[in-house]
Amino acid sequence: MAFFPVILAFIARIQLKDSDEFHALQEQRQNQEKENIKTKVPLLALFQTPAMTWQTVALTLMMMVHTGGYYGLMNWLPKIMQKQLGLTISSSNFWMIATIVGMSLGMYFFGNILDKFGLHFSYTFFFIMAVVSLYMILLARNAWSLILIMMVVGFFSNGMYVGYGVIVSRLYPAEYWVTANSVVSSVGKVLGGFFPPIIGLLMDKYSLTAVMIFFLLIYLFALVIMLLIPALKKTNVEF
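Take any residue in the sequence shown, note its place counting from 1, add 15, and you have its number in our numbering.
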């Protein structure tokens, strides 16, 4: 089973075609290398103007929320809900699986929505629905209702994770894509790694309601950050 994702990734890769921008950049770099011209993009290039600095920081914060939200949901909510609803460990595993299934479906459908409506609308819609679905966790009364709610939560809260590569390809020059993706992904995930301890502290001192309010606030924070990226509004077109 461990090789199954690798096989899927290999099949996906051989089916994908590189963009015309990529081929043009590749040819340009080959010519530069023949002339001994350096082609590496320095890290500071992502912060060369105020606008680019802001979008790099903003995307990193959005990634922080997505990864931190995922870590928090998958690491702590099983224990929270076992105590809140009196669930067994086996039933908790079922809703965790439902969350992952919802995430997978969300990623697939987010791509289709992105193609049709563009980045700005797609992210706004998914962020708002993520907040709504997270609130619904407070309404769960048994294992089955929690399974359905967590599938919806996974669909909206993590479905938009697949859009970051598209955002980077729209907001940065082609030669910056690898560097920008690396910075946004790596730094965002490191910062998101601090969320589980924060949630653990909230669990010790407060209630499930406090934990869910924290989740709601961080997704609203990410929504506001996204709306404040000026260049993102200009990409609201069909791809």
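Think of the CB as a built atom: it goes at the ideal place given N, C-alpha and C, for glycine as much as any other residue.
DSSP on residue i, reduced to helix/strand/coil?
i: S184; result: helix
i: Y85; result: helix
i: S172; result: helix
i: L163; result: helix
i: E253; result: Low confidence applies to E253: its pLDDT is 44, below 50, so where it sits in the model is not reliable enough to give any reading.
i: Q63; result: coil
i: G178; result: helix
Please report the Cβ distance between residue i and residue j, rounded to the nearest whole angstrom; I am assuming they are in contact, meaning their Cβ atoms lie under 8 Å.
i: L143; j: L74; result: Here residue 143 is Ile; the residue named in the question, Leu, does not match the sequence. At roughly 19 Å, the Cβ-Cβ gap does not stay under 8 Å, so I143 and L74 are not in contact.
i: F229; j: I214; result: 7 Å
i: I152; j: I164; result: 6 Å
i: L61; j: T194; result: 6 Å
Which residue marks the beginning of the alpha helix (DSSP H) containing residue i, and which one marks its end?
i: S197; result: 192-207
i: I213; result: 210-220
i: T224; result: 223-242
i: P57; result: Unbroken run through P57: none, as it is neither H nor E.
i: L247; result: 245-248
8 Å is my cut-off, CB to CB: does residue i come that close to chain D?
i: T64; result: Among the chains of the structure shown, chain D does not appear; only one protein chain is present.
Exercise. Per the contact definition of three or more C-beta pairs closer than 8 Å, is the segment 204-214 in contact with the segment 67-83?
Worked result: Touching, yes, given that three or more Cβ pairs across the two stretches are closer than 8 Å.
Exercise. In the segment 106-161, which residue ranges form an unbroken alpha helix (DSSP H) of at least 4 residues, counting only runs that do not cross its ends?
Worked result: 134-151
For this session: Check whether the segment 228-242 touches the segment 132-148, taking contact to mean three or more Cβ pairs, one atom from each stretch, closer than 8 Å.
Result: yes
Problem set entry | Three CB pairs or more closer than 8 Å across the segment 145-157 and the segment 186-200 | no
Exercise. Taking contact to mean at least 3 C-beta pairs separated by less than 8 Å, is the segment 167-181 in contact with the segment 117-127?
Worked result: yes
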